[in-house]
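J.: Residue 1 in the numbering used here is what sits at position 1 of the sequence shown, and the numbering runs on without skipping anything.
Quick reminder that beta carbons are idealized off the backbone N, C-alpha and C, glycines included.
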Amino acid sequence: MAAEEKKALEAQLYQSEKLASVGQLSAGIAHEINTPTQFAGDNILFLRESFEDIARVIDTYTKLLEVNKEKETNTEITKKLDEIIEEVDLEYLMEEIPKAIEQSLEGVERIATIVRSMKKFAHPGTEEMVPSDINEAIKNTIIVCRNEWKYVSEVITDLDKSLPPVPCKIAEINQVILNMVVNAAHAIEEVLGENPQKKGTITIKTRKNDKYAEIIISDTGKGIPEDLRSKIFDPFFTTKDVGKGTGMGLNLAHNIISEHGGTINVESEVGAGTTFTIRLPLNGQVSSESKEEMFY
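1) Does DSSP classify residue 222 as helix, strand or coil?
2) Determine the direct distance from the alpha carbon of residue 279 to that of residue 139, and round the result to whole angstroms.
3) Quick one, are the C-beta atoms of residue 185 and residue 155 less than 7 Å apart?
4) Apply the 10 Å Cβ neighbour rule to residue 283 and answer buried if 16 or more other Cβ atoms are within range, or exposed otherwise.
5) Can you say whether residue 36 is buried or exposed, counting buried as having 16 or more other CB atoms within 10 angstroms of its CB?
6) How long is the line joining the alpha carbons of residue 258 and residue 218, rounded to whole angstroms?
7) From what residue to what residue does the alpha helix (DSSP H) around residue 162 run?
8) Considering just the uninterrupted stretch of the alpha helix (DSSP H) at residue 256, what are its terminal residues?
9) Would you report the Cα separation of residue 299 and residue 98, rounded to the nearest angstrom?
10) My assumption, with CB atoms under 8 Å, is that residue 101 sits in contact with residue 215. Please give the rounded CB distance.
11) Might you give, ordered along the chain, the residues of its own chain that have their beta carbon closer than 6 Å to the beta carbon of residue 56, omitting 5 neighbours on each side?
12) Expressed to the nearest angstrom, what Euclidean distance is found between the alpha-carbon atoms of residue 242 and residue 250?
13) By the DSSP assignment, the beta strand (DSSP E) with residue 279 in it spans what residues?
Here it is, written out as structure tokens:
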């Protein structure tokens with residue numbers, strides 16, 4: 001009974017961690033979508049006003065054409081036309097309107113990209129192991145959690161295009177990648193402080209290594225002291241400030257990878273950064289090493 005209760009408690013804790021992640025992401029995604037929405041809206045207002053000005057010019061041109069068709073001259077209309085062209089700054093409008101349209105399209109595409117990535121990230125998936133594109137999962141997760149890292153770091157990816165589909169529960173792997181990237185951003189933030197003059201770097205690589213797919217996530221954060229490395233996967237263990245984490249992120253990641261028959265190894269140097277290497281079996285079979293971690 002004790003084992004069943006422990007398993008049930010762990011399931012509740014994992015669900016809480018996932019919900020916390022969703023709440024955290026929701027705020028960030030709202031911010032990410034708000035920016036392109038705002039400049040797209042501003043550009044549309046500009047286009048509406050510009051169209052009204054251009055319509056005045058066209059209307060006057062039309063009247064002038066009618067006069068010319070009748071082979072008459074009308075200096076008053078010509079003068080009025082010149083005044084309107086100068087008033088609305090037609091040259092400026094002709095230069096800026098295409099830019100506004102292009103910016104609006106870019107904003108809409110940015111929103112669409114975020115929404116597509118969020119849909120793929122949040123897709124419930126199945127309880128079965130399904131061959132999945134790990135590279136795509138990484139790209140989607142980076143987009144979804146951009147607000148978590150963009151202020152403190154650059155994200156560099158080196159994704160192996162030849163990596164075959166990996167049998168996994170992709171929603172759970174998304175959660176693992178999310179936890180790792182957010183942890184990396186927090187580690188860099190602690191080094192840079194509240195007002196960083198420069199940014200750190202998060203590097204994400206994938207590669208095929210024999211019978212495994214590897215995901216390597218490195219950061220230029222503060223590093224993990226040697227005496228703490230064996231504890232980082234323990235439930236509720238955290239060195240973060242209050243409000244920065246539940247202490248369940250790495251524990252959840254470790255258990256998910258273990259259930260997939262994989263491993264997580266960590267290498268770290270205080271003051272230089274940390275690298276996590278995730279290994280997932282390409283055949284979907286449980287590894288004999290899946291319950292072990294290696295610390296360097």
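T.: This is what the structure gives:
1) For the purposes of this step, residue 222 is taken as residue 222 along the sequence shown, with counting starting at 1. Note: residue 222 maps to coil in three-state DSSP.
2) The count along the sequence shown starts at 1 and reaches residue 139 at position 139. The count along the sequence shown starts at 1 and reaches residue 279 at position 279. Near 18 Å, if we compare the C-alpha coordinates of residue 279 and residue 139.
3) Numbered from 1 along the sequence shown, position 185 holds the residue referred to as residue 185. Numbered from 1 along the sequence shown, position 155 holds the residue referred to as residue 155. Contact flag unset, no.
4) By 1-based counting over the sequence shown, the position of residue 283 is 283. With fewer than 16 other Cβ atoms within 10 Å, it is exposed.
5) In the sequence shown, the residue the question calls residue 36 occupies position 36. Per the 10 Å Cβ criterion, buried.
6) Start at 1 with the first residue of the sequence shown, and residue 258 comes out as number 258. Start at 1 with the first residue of the sequence shown, and residue 218 comes out as number 218. Straight-line Cα distance between these residues: approximately 20 Å.
7) Reading the sequence shown from its first residue, position 162 is the one you call residue 162. Looking at the DSSP string, residue 162 is not in any alpha helix (DSSP H), and its letter there is neither H nor E.
8) Walking along the sequence shown from the start, residue 256 turns up at place 256. Residue 256 -> alpha helix (DSSP H) spans 249–259.
9) Since the first residue shown for the chain is 1 and the last is 296, residue 299 is missing from the structure and cannot be characterised.
10) Residue mapping note: residue 101 aligns to position 101 of the sequence shown, counting from 1. Residue mapping note: residue 215 aligns to position 215 of the sequence shown, counting from 1. At roughly 40 Å, the Cβ-Cβ gap does not stay under 8 Å, so residue 101 and residue 215 are not in contact.
11) Taking the sequence shown and counting its residues from 1, the one referred to as residue 56 is at position 56. For residue 56, where only same-chain residues beyond five positions count, the Cβ hits under 6 Å are 84.
12) Walking along the sequence shown from the start, residue 242 turns up at place 242. Walking along the sequence shown from the start, residue 250 turns up at place 250. Low confidence applies here, because residue 242 scores a pLDDT of 48, under 50, leaving its location unreliable; read the following figure in that light. Taking the straight line joining both Cα atoms gives about 17 Å.
13) As a position in the sequence shown, residue 279 is number 279, starting the count at 1. Element bounds for residue 279: 273–281.
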